[in-house]
Amino acid sequence: MKLGKVSNSQMIKEINQQKVLRLIYTEGPIARVDLAGKTGLTQQTITNIVNRLLSENLILETTPVANGGRRRPIPLIINSTNMYAIGIELAIKYVRGSLMDFHNNTLKEVTEFVPRYENEEHPMEYIYKVIDQLLEQVPEKEGLKGIGFSIQGLVDSNKGTVIYSPGLRWRDFPLREKLEERYGLPIYLENDANLLAIVESLNGELASSEQSMIFKFDYGIGSAMVINKQLLHGANFVAGELGHYKAFTGEDAISCHCGAQGCLTTFASISGLKRNAGFTLEEFYKALREHEPEAIELFDKIEASIAKAIANIITLFNPEYILFTGRFMDKIGDRMIPALKKDILELIPESCQNVKMIVLPETPNESKSAAGLVMNYFFNVPFSEFY
Ligand SMILES: [Zn+2]
């Protein structure tokens, strides 16, 4: 956070208060003494902040645990009764929404399947349908703190726009503006792979790592790169476009929707497989199981191209972890992942051999992560602050 001239003691006070609130949220129940230890703030400052938060009803004191005859510190927790968030996973083939309370319980989940988006406004119909159904289930309307989105497309999370998503038929689409107008609630957007990187880096598989990469093979291909605990956005928020890595050459280099040729996504994604090889993912899976030579040849070609692309990226960035996920891998990963691991290790230099390659057992429910986006913003520590 930049502290310019406008900032003053009031702003620092607010930042400290948010730090304390955030710690109570992530680590509570937590005692005042531990808050002081973890923030480096004085006991007196903590006492002042806690009194303020108590008076605003944002936190609660709970019953201390017995500790011999000594004075027992009172644990503090977030007062999350009646606080809710809606999370929306905006995928190319479906819109899934979850209504969650701030204890991470799901109150209601709704999925609308989409045959095909016909025009720019079409995805909005499905989004409204899902949100409207969830809104009916919110126990107390004033408790709803916002709507978060995980989006299969390039997202400018600051401006609240979708920069580009061919599947959704959007280019510079002002999603936040449209939704704020309709619902009057805070709206938060993040690209699906970036959101996954944030969630996994906060408390998931990548929590211990400062250098990691996520590769999501799904309807399209998404990736996110965490460098020194910072999400790499790139100059135009489009870093990590692995789908358009030039992977195929010769007669395999066919045209991609981006205008170029030979992009990885032309075969190594659910949409590419269908468009350019005539297989749905299910058909491809079945053909592989039945040892159809055409499918096996295609599989080998795809696998070799992914391995080469990722080996090059590992060689350039030297990540500690790489993580595979997405429905493409959910389905054929049993066969694909061991081959990828073996080939990648053969392709990368000795200096990078300690890279750890992990796979999420199943692509997470991203509507829940998107609801988490709301909770995190509510506690006013934007994700950019963690990185
Ligand atoms: Zn392309």
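Here the sequence shown is numbered in my numbering, starting from 1444 and rising by one per residue.
Beta carbons are placed, not taken as given, at the ideal position from N, Cα and C, and that holds for glycine.
Model, not experiment: these values are computed from the prediction.
Query, Result
"In three-state terms, what does DSSP make of S1827?", "Residue confidence is low: S1827 scores 43 on pLDDT, short of 50, so the model does not pin down where it sits. Its coordinate-derived value is still stated next. S1827: helix per DSSP, three-state reduction."
"Classify I1590: buried if its beta carbon has 16 or more other beta carbons within 10 angstroms, exposed otherwise.", "buried"
"Out of R1612, L1675, R1625, L1628, state which residue places its alpha-carbon closest to the alpha-carbon of I1641.", "L1675"
"When you compare only the Cα positions, how much space is there between G1596 and K1536?", "13 Å"
"So is the beta-carbon of G1702 under 8 Å away from any non-hydrogen atom of ligand 1?", "yes"
"Can you check whether the CB of N1634 is closer than 9 Å to the CB of I1594?", "yes"
"Keeping to the same chain, check which residues put their C-beta closer than 7 Å to that of L1577; ignore five residues upstream and five downstream.", "I1529, G1540, L1542, K1551, V1553"
"Would you say the beta carbon of T1692 is closer than 8 Å to some non-hydrogen atom of ligand 1?", "no"
"Are the stretch 1653-1662 and the stretch 1757-1765 touching, with three or more C-beta to C-beta distances below 8 Å?", "yes"
"Once the 5 residues before and after K1456 are set aside, which same chain residues still bring their CB inside 6 Å of it?", "none"
"Nearest to R1515 by alpha carbon, out of T1485, V1476, I1489?", "V1476"
"Which residue or residues does DSSP assign as beta-bridge partners of R1614?", "Y1607"
"Report, in whole angstroms, the separation of the C-beta atoms of N1459 and L1484, which I expect to be a contact under 8 Å.", "6 Å"
"Since T1490 is in the beta strand (DSSP E), which residue starts that stretch and which ends it?", "First-last for T1490: 1486-1498, but that is the alpha helix (DSSP H), not the beta strand (DSSP E)."
"For ligand 1, any of its heavy atoms closer than 8 Å to the Cβ of T1482?", "no"
"Tell me the DSSP secondary structure of M1526 in three-state form.", "coil"
"Which term fits R1831, buried or exposed, when burial requires 16 or more other beta carbons within 10 angstroms of its beta carbon?", "Lying before the first or after the last residue shown, residue 1831 is absent from the chain, which here runs from 1444 to 1830."
"Tell me whether G1686, by its Cβ, gets closer than 8 Å to a heavy atom of ligand 1.", "yes"
"On a CA-only basis, which of V1538, I1473, T1488 is nearest K1811? Give me that one, please.", "V1538"
"Please work out which residues of its chain come closer than 8 Å, Cβ to Cβ, to I1570, disregarding the five sequence neighbours upstream and downstream, and give them in chain order.", "I1531, L1533, V1538, L1622"
"Does at least one heavy atom of ligand 1 sit under 8 Å from the Cβ of T1490?", "no"
"Using three-state DSSP, classify T1554 as helix, strand or coil.", "strand"
"Looking at the strands, I want to know which residues DSSP matches up with T1831.", "No statement about residue 1831 is possible, as the shown extent of the chain runs from 1444 to 1830 and does not include it."
"Applying the 10 Å Cβ sphere with the 16-neighbour rule, what's the burial state of F1616?", "buried"
"Within the continuous alpha helix (DSSP H) that includes K1729, where are the two ends?", "1724-1732"
"Please list, in chain order, all residues of the same chain as L1478 whose beta carbon is under 7 Å from its beta carbon, the five residues on each side excluded.", "V1463, L1466, I1489"
"Does the beta carbon of C1699 fall short of 8 Å from some heavy atom of ligand 1?", "yes"
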